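Novice: Handing you this structure, nothing more for now.
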Amino acid sequence: CVLCGRTDDCPEKYGEKRTYVAYNLTVHYYCLLMSSGIWQRGEEDEGVDGFLITDIRKEVNRAARLKCNICKKKGASIGCVAPKCKRSYHFPCGVQKECIFQFMEDFRSYCWEHKPVQKFPDKESRGTSQCAICLDLVEQLPVYTVLKSPCCKNAWFHRECLQYQALSAGIFFFRCSVCNNKDKFQKEMLRMGIHIPEKDASWELEENAYQDLLQCYQHCDVKRCLCKKGRDYNEPDSKWEIKRCQCCGSRGTHLACSSMKSWEQNWECMECRSILGKSGNYSKQKKRSLATSEKTDGTTRLLEEPSPKCPRQSPGSQHNFLLQSPKIMCQNNLSPCSHLELPASNRVTMSLSPLMSNRNCSLRKKHLRMQRKEASNILKELKLQINTKTTRLNVNTENIWNSALKGFRQRNFSPTNTIEIKFTNCKNRSKTETSAASKHRFFQLLMLHLQNSSLFEGSSAKNLSLDFQAVKENLYFEAGRMIAVSLVHGGPSPCFFSKTLFNCLVYGPENVKPALEDVADVDVAQTIKMIKYANSLSGLQSAIHNCYEFLAAAGCIRPITSLCDKNMLVNDILIHHVIKRITSPLESFRQGLKTLGVLEKMQMHPDAFSTILCHKPERLSAETICDLFTIHSSSDVNKVEGADFWIGYLQDVESGESVVTLEDILLFVTGSFSIPPVGFDPEPTIKFVHRRYPVGKRLLNCLELPITKTYEQFKNKMEFTIRNTLRVERE
Numbered sequence: 109c110v111l112c113g114r115t116d117d118c119p120e121k122y123g124e125k126r127t128y129v130a131y132n133l134t135v136h137y138y139c140l141l142m143s144s145g146i147w148q149r150g151e152e153d154e155g156v157d158g159f160l161i162t163d164i165r166k167e168v169n170r171a172a173r174l175k176c177n178i179c180k181k182k183g184a185s186i187g188c189v190a191p192k193c194k195r196s197y198h199f200p201c202g203v204q205k206e207c208i209f210q211f212m213e214d215f216r217s218y219c220w221e222h223k224p225v226q227k228f229p230d231k232e233s234r235g236t237s238q239c240a241i242c243l244d245l246v247e248q249l250p251v252y253t254v255l256k257s258p259c260c261k262n263a264w265f266h267r268e269c270l271q272y273q274a275l276s277a278g279i280f281f282f283r284c285s286v287c288n289n290k291d292k293f294q295k296e297m298l299r300m301g302i303h304i305p306e307k308d309a310s311w312e313l314e315e316n317a318y319q320d321l322l323q324c325y326q327h328c329d330v331k332r333c334l335c336k337k338g339r340d341y342n343e344p345d346s347k348w349e350i351k352r353c354q355c356c357g358s359r360g361t362h363l364a365c366s367s368m369k370s371w372e373q374n375w376e377c378m379e380c381r382s383i384l385g386k387s388g389n390y391s392k393q394k395k396r397s398l399a400t401s402e403k404t405d406g407t408t409r410l411l412e413e414p415s416p417k418c419p420r421q422s423p424g425s426q427h428n429f430l431l432q433s434p435k436i437m438c439q440n441n442l443s444p445c446s447h448l449e450l451p452a453s454n455r456v457t458m459s460l461s462p463l464m465s466n467r468n469c470s471l472r473k474k475h476l477r478m479q480r481k482e483a484s485n486i487l488k489e490l491k492l493q494i495n496t497k498t499t500r501l502n503v504n505t506e507n508i509w510n511s512a513l514k515g516f517r518q519r520n521f522s523p524t525n526t527i528e529i530k531f532t533n534c535k536n537r538s539k540t541e542t543s544a545a546s547k548h549r550f551f552q553l554l555m556l557h558l559q560n561s562s563l564f565e566g567s568s569a570k571n572l573s574l575d576f577q578a579v580k581e582n583l584y585f586e587a588g589r590m591i592a593v594s595l596v597h598g599g600p601s602p603c604f605f606s607k608t609l610f611n612c613l614v615y616g617p618e619n620v621k622p623a624l625e626d627v628a629d630v631d632v633a634q635t636i637k638m639i640k641y642a643n644s645l646s647g648l649q650s651a652i653h654n655c656y657e658f659l660a661a662a663g664c665i666r667p668i669t670s671l672c673d674k675n676m677l678v679n680d681i682l683i684h685h686v687i688k689r690i691t692s693p694l695e696s697f698r699q700g701l702k703t704l705g706v707l708e709k710m711q712m713h714p715d716a717f718s719t720i721l722c723h724k725p726e727r728l729s730a731e732t733i734c735d736l737f738t739i740h741s742s743s744d745v746n747k748v749e750g751a752d753f754w755i756g757y758l759q760d761v762e763s764g765e766s767v768v769t770l771e772d773i774l775l776f777v778t779g780s781f782s783i784p785p786v787g788f789d790p791e792p793t794i795k796f797v798h799r800r801y802p803v804g805k806r807l808l809n810c811l812e813l814p815i816t817k818t819y820e821q822f823k824n825k826m827e828f829t830i831r832n833t834l835r836v837e838r839e
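Each residue of the sequence shown is one higher than the one before, counting from 109 in the numbering used here.
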């Protein structure tokens, strides 16, 4: 640029950079607009937008004698308009130094000392709020990077967000995104240096941008269309009239192709029906089966796809025996059961005595407990990496994902730093909530969000989904990193990994064989079932013909010469859909889990980590709480009698003979409802002291218990204190 001397080409910051070969001239549009010694003396089509070439060269010569007060180089063409201020600077230097440039009237410029600022009432509270455009946190301070709406009391914006919106919306559509005010809002933003171009909105300038809205969808999308004139044929007021999906309107069917008697009947496409089915809002309709056929005009035809109401069994559920032999079932101890029923083709009945069943259940629980303890010890080793340097994360519980993402991506964030959480939208936060409790609560909310996010799919045991936008934004890496940090820093484990996902992470996707339960997509699952349960070669070929396009796209086309070939085809489809399709998200997720060495330990100790990643935490029991606490007492206290009262009280709570729960006791002492995989730091202790009521010291994870003469006194004091303390905190 002949005015600022920079080669940067950033239209959002410096305006469009234009080169005029005929005049041997390159200039940034904003540098030209804001230069102090030049005016538009020509018509719009003369020179550069009305700036004559001779005037531009004169301005370059004038600026060549002026030194920039910021970079100390010559060519400073812009001067501060404040009286007696003699500062000059280049436009990019002024932006860097937070000068204000007003793109209106005389195109005035103000240096960093004389620039206009927004005035806030002294009584107005300071804190953090959400940017009304990007929804990230913004400090409510009169600084250059933050702007407040003049028409809304609590509307705050990042300057950068406002500038991008103004460039996109133009002068006709740029307005307050909260209250829609235009005049007052634009006036204030122009005063504060936001450039609002005199043009139509970018979305209005796209050629044929709204062309699709003028078209009405006319196509039959059912798997087998019966109309001899084709899927696009539409004859109103007949059985060949096309009915569109009542939810999305982007799928259609002939009335006859979906057995509808009249236009008034509702119809949903498979995509919408799948969504409604998962949310539980799908209205009950007459069940249809792919095996059911009707006679229409003397032709046997296949009805539309079945309803997705049938729930998908998750890995680990007690009905997994439908896909496993009884022998494997018992070896894996998947669930204690007294009767297993397999499909009629190979039905086997097994009976286990109640004693054997209870014994297996007890052994399995003991095994899981030992594995969790091993995982806890491993995580404690990893926790030694954490140093005392603190990283503070400002968290909005109503927007937990964006808050976490912003915190994890900030420059000073390091997984080895001690994490401190501040909830920005909890003004009346409990004074007893410790830093550890706040951190545990943050990670608990974050794990819950991840479980229900678009990054994962499935009912309870989840696999990675394929979200192209998330891949583009590297969100799978961030999710893996957040889970690793949660495990090491004392947060909860996700507990929702499927066995297939866990095995892909530990053993590599090439060594994993997925099952039908890993398929969350209802249509794909139905396609696999059609192939898997085909009982004749002609039926198998018919099923393959119906889903040929899907198989071709998945690269699963193979010659079928016998009925047994279906097993290899099913395996191909499962590997494609569950593993190959999500190769990129899986690799990013693995890289994220490498944070703090978590993935390496998972691969070294798969059994231990499987218990905390694939299984829900063990429900609290009196035995668990008793083992968690170490009892200390002074020399003048009968430790044995106090311990008896404590253990007896835990047993009463567990059996339901108390108004409090075991979770309440844990919360009272530690500030957490559950025991994190890494355990508590410091380890929970109990002290018997001479005092009237129990006290939970959350900073020390210490429970001070009163010395009483009778068990009834002990129990009454415990229940009175815990119940009322937690009630006050909740209020």
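C-beta atoms are modelled at their ideal positions from N, C-alpha and C, and glycine is treated no differently. The model shown is predicted, which means the values in this text are computed figures rather than measured ones.
1. Does DSSP classify residue 657 as helix, strand or coil?
2. Could you give the uninterrupted runs of the alpha helix (DSSP H) lying entirely in the segment 694–748, keeping only those of 4 residues or more?
3. Using a 10 Å radius around the Cβ and a threshold of 16 neighbouring Cβ atoms, would you call residue 371 buried or exposed?
4. Thinking residue 796 and residue 813 are a contact (beta carbons under 8 Å), I'd like their distance in whole angstroms, please.
5. What is the DSSP secondary structure of residue 122, reduced to helix, strand or coil?
6. For residue 280, does the count of other Cβ atoms within 10 angstroms reach 16, so buried, or fall short, so exposed?
7. Between residue 223 and residue 239, how many whole angstroms is the CB-CB distance? I'm expecting something under 8 Å.
8. If you check the beta carbons only, do residue 581 and residue 572 fall under 9 Å apart?
9. Check whether the Cβ atoms of residue 257 and residue 273 sit closer than 9 Å, and answer yes or no.
10. Look at the alpha carbon of residue 636 and the alpha carbon of residue 275, and state the distance between them as a whole number of angstroms.
11. With the cut-off set at 9 Å, would you say residue 923 and residue 643 are in Cβ contact?
12. Between which two residues does the beta strand (DSSP E) harbouring residue 814 extend?
13. Using only CA atoms, which one of 358, 505, 380, 725 lies nearest to residue 547?
14. Does residue 310 pass the burial test, meaning 16 or more other C-beta atoms within 10 Å, or should it be called exposed?
15. With distances taken Cα to Cα, identify the nearest neighbour of residue 262 among 228, 294, 732.
16. Tell me whether residue 143 sits in a helix, a strand or coil according to DSSP, three-state version.
17. If you reduce the DSSP assignment to three classes, tell me which class residue 581 lands in.
18. In angstroms, rounded to a whole number, what distance separates the CA positions of residue 294 and residue 215?
19. For residue 804, which beta-bridge partners are listed by DSSP?
20. In terms of alpha-carbon separation, which member of 503, 531, 726, 668 lies closest to residue 770?
21. Quick one: what's got a C-beta closer than 8 Å to residue 151's C-beta in the same chain, skipping five residues either side?
22. Under DSSP, the alpha helix (DSSP H) around residue 264 begins and ends at which residues?
23. Per DSSP, residue 238 is paired with what?
24. Any idea if residue 615 is buried or exposed, counting beta-carbon neighbours within 10 angstroms, 16 or more meaning buried?
25. Under 9 Å, do residue 377 and residue 320 count as touching if we go by C-beta distance?
26. Since residue 794 sits in a beta bridge, which residues does DSSP pair it with?
27. So, using beta-carbon positions, are residue 171 and residue 217 closer together than 9 Å?
28. Is residue 822 closer than 9 Å to residue 753 when the C-beta atoms are compared?
29. Identify whether residue 298 lies in helix, strand or coil by the three-state DSSP scheme.
30. Under three-state DSSP, which class holds residue 135?
31. Just curious, the beta strand (DSSP E) that residue 835 is in, first and last residue?
Specialist: Quick look at the numbers:
1. helix
2. 706–712, 714–721, 730–736
3. exposed
4. 5 Å
5. helix
6. exposed
7. Not really, about 21 Å apart at Cβ, beyond 8 Å.
8. no
9. Between residue 257 and residue 273, the C-beta spacing is not below 9 Å.
10. 50 Å
11. What is shown of the chain runs 109 to 839, which leaves residue 923 out entirely.
12. 810–814
13. 505
14. Burial state of residue 310 is exposed, judged by a 10 Å Cβ sphere holding fewer than 16 other Cβ atoms.
15. Distances from the alpha-carbon of residue 262 to those of 228, 294, 732 put 228 closest.
16. Judged by DSSP in its simplified three-state form, residue 143 adopts coil rather than helix or strand.
17. coil
18. 15 Å
19. 811
20. 726
21. 158
22. First-last for residue 264: 264–266, but that is the beta strand (DSSP E), not the alpha helix (DSSP H).
23. DSSP output for residue 238 lists 245 as bridge partner(s).
24. exposed
25. no
26. 739, 811
27. No, these two residues do not count as a Cβ contact at 9 Å.
28. yes
29. helix
30. If DSSP states are grouped into helix, strand and coil, residue 135 belongs with the strands.
31. Segment 819–838 is the alpha helix (DSSP H) holding residue 835; no beta strand (DSSP E) there.
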